[in-house]
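Beneath this line is the structure, given in structure tokens, with notes to follow.
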Amino acid sequence: MARVFQLPVTTGRTAIAAPAVVGSTDRPRPGIAAGYLAPHPPHLIYAENPPQNEPRSTGGWEVLRWAYAELRRRLTRLRPDVLVVHAPHWITMVGHHVNCVPNPRGVSVEPIFPHLFRYHYNMTTDVELAETIADCAAEAGLVTSKLREPGVRVDYATIGALHLANPSWDIPVVSLSANNNPYFYAEAALDEMEVLGAATRRAIETTGRRAVLLASNSLSHLHWDVEADLPEDMSREHPFSHHQYQWDIRLLDLVRTGPTRAVADFVPQHIAQTASETKAGSLTWLLAALDWPAIPGDVLGYGTIIGTGNAVVEWVPEEFSDV
Ligand SMILES: [Fe+2]
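According to the working numbering, the residues represented by the sequence shown are 1 to 323, in order.
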């Protein structure tokens with residue numbers, strides 16, 4: 001089968017030393033301060049009615065939006081230098097790409113829900129970190145590419161997670177693509193995302209950044225194919241099936257008890273049972289970047305969107321738990 005690797009990959013589980021405290025006490029400690037599962041369905045931004053999005057709504061999906069409100073409160077305390085996002089709808093067929101365009105801007109339209117999401121974006125990239133992530137991933141054996149075309153439209157999964165975490169866009173970002181191999185080759189494993197996660201961690205340590213990571217994935221992913229006349233009619237919103245709901249809750253029970261390695265080991269089963277969007281690898285990348293801490297995750301909220309399961313979850317490494 002086709003391979004996305006140039007070299008035999010190293011394990012993504014190599015222990016990496018905790019980041020040192022550097023400089024004065026005024027400078028926040030570098031490293032990965034937190035990671036979030038941060039789902040991106042366009043309905044959440046549509047329901048928020050931000051000025052960047054053209055369509056208007058009467059609300060909806062409040063429980064998940066309240067979970068994001070709590071994420072934003074916590075992010076303010078964490079004071080990151082940069083948000084790093086891995087998103088499943090920037091699909092690259094060969095390798096893993098990193099957006100190195102200094103100031104991507106334009107209009108992003110969700111192709112299935114253009115009546116919900118026509119978003120005007122203007123983002124600042126942390127180019128040094130973006131390039132270092134690409135370099136570290138290449139050193140680990142991954143095919144990588146540094147995107148430098150300013151006109152390439154940013155996908156709605158990248159924008160969705162970044163907007164909902166930080167709608168003021170006053171924190172620089174790094175955006176990673178999702179290699180699409182897992183959707184074509186059954187044997188292509190999520191192990192590959194562990195390599196990318198470890199490389200992301202190395203790059204953050206190398207550049208001395210204080211980063212927060214966003215895995216832009218929904219959970220169970222079978223959904224309705226007929227929309228209500230009013231998209232935000234919550235009387236129509238519920239899990240696609242009891243089966244999907246049960247498997248999502250099984251996953252979240254593991255999240256709430258930890259350790260993170262057990263969560264990742266359960267992900268393939270969860271994908272097989274629910275067509276989970278975690279197949280794109282964002283969640284596995286996130287947990288690998290955190291270096292598999294033996295901690296529980298904090299489930300800030302769970303809810304369905306057109307029947308799919310979505311959870312906002314926080315993991316804070318012990319060395320940052322005093323923030
Ligand atoms: Fe999606």
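In this text, a Cβ means the ideal position worked out from N, Cα and C, and glycines have one as well.
Here's the rule I'm using: 16 or more other beta-carbon atoms within 10 Å means buried, otherwise exposed. How should L290 be labelled?
In the sequence shown, counting from the first residue as 1, residue 290 sits at position 290. L290 should be labelled buried.
Assuming contact is defined by CB atoms lying nearer than 9 Å, are L116 and G197 in contact in what I supplied?
On the sequence shown, residue 116 is found 116 positions in, with the first residue counted as 1. On the sequence shown, residue 197 is found 197 positions in, with the first residue counted as 1. No.
Looking at the secondary structure, which residues open and close the beta strand (DSSP E) in which S282 lies?
Here residue 282 corresponds to residue number 282 of the sequence shown, with the count starting at 1. Here S282 belongs to no beta strand (DSSP E); instead the alpha helix (DSSP H) covers S282 to A289.
In the DSSP assignment, find the beta strand (DSSP E) that holds E314 and state where it starts and stops.
Translated into positions along the sequence shown, residue 314 becomes position 314. That run of the beta strand (DSSP E) goes T308 to W315.
Taking D253 as the reference, which of I45, A311 and P80 has the closest Cα?
Counting from 1 along the sequence shown, the entry for residue 253 is found at position 253. Measuring from the Cα of D253, the nearest candidate turns out to be A311.
Could you check which residue in L176, G258, I133 and L75 has the C-alpha nearest to that of S168?
By 1-based counting over the sequence shown, the position of residue 168 is 168. Minimum Cα distance to S168 is reached at L75.
Could you tell me the boundaries of the beta strand (DSSP E) in which V226 lies?
Indexing the sequence shown from 1 puts residue 226 at position 226. Careful: V226 lies outside any beta strand (DSSP E) and carries neither H nor E.
Any heavy atom of ligand 1 closer than 8 Å to the beta-carbon of E149?
Locating residue 149 in the sequence shown gives position 149, counting from the first residue. No.
Can you find a heavy atom of ligand 1 that lies under 8 Å from the Cβ of E277?
Along the sequence shown, one-based indexing puts residue 277 at 277. Result yes, Cβ under 8 Å from ligand 1.
Report, in whole angstroms, the separation of the C-beta atoms of L164 and V85, which I expect to be a contact under 8 Å.
Counting from one through the sequence shown, the residue named residue 164 turns up at place 164. Counting from one through the sequence shown, the residue named residue 85 turns up at place 85. Incorrect: roughly 11 Å between the Cβ atoms, too far for contact.
Tell me the DSSP bridge mates of S175?
As a first step, residue 175 is located in the sequence shown; it is residue number 175 there, counting from the start. BP columns for S175 point to V85.
Roughly how far, in whole angstroms, is the beta-carbon of T124 from the beta-carbon of V173, given that I think they are within contact range, below 8 Å?
The count along the sequence shown starts at 1 and reaches residue 124 at position 124. The count along the sequence shown starts at 1 and reaches residue 173 at position 173. Contact flag correct, Cβ pair sits at about 7 Å.
Is W315 closer than 9 Å to Y68 when the C-beta atoms are compared?
Position 68 of the sequence shown, counting from 1, holds the residue named residue 68. Position 315 of the sequence shown, counting from 1, holds the residue named residue 315. Not a contact, by the Cβ cut-off of 9 Å.
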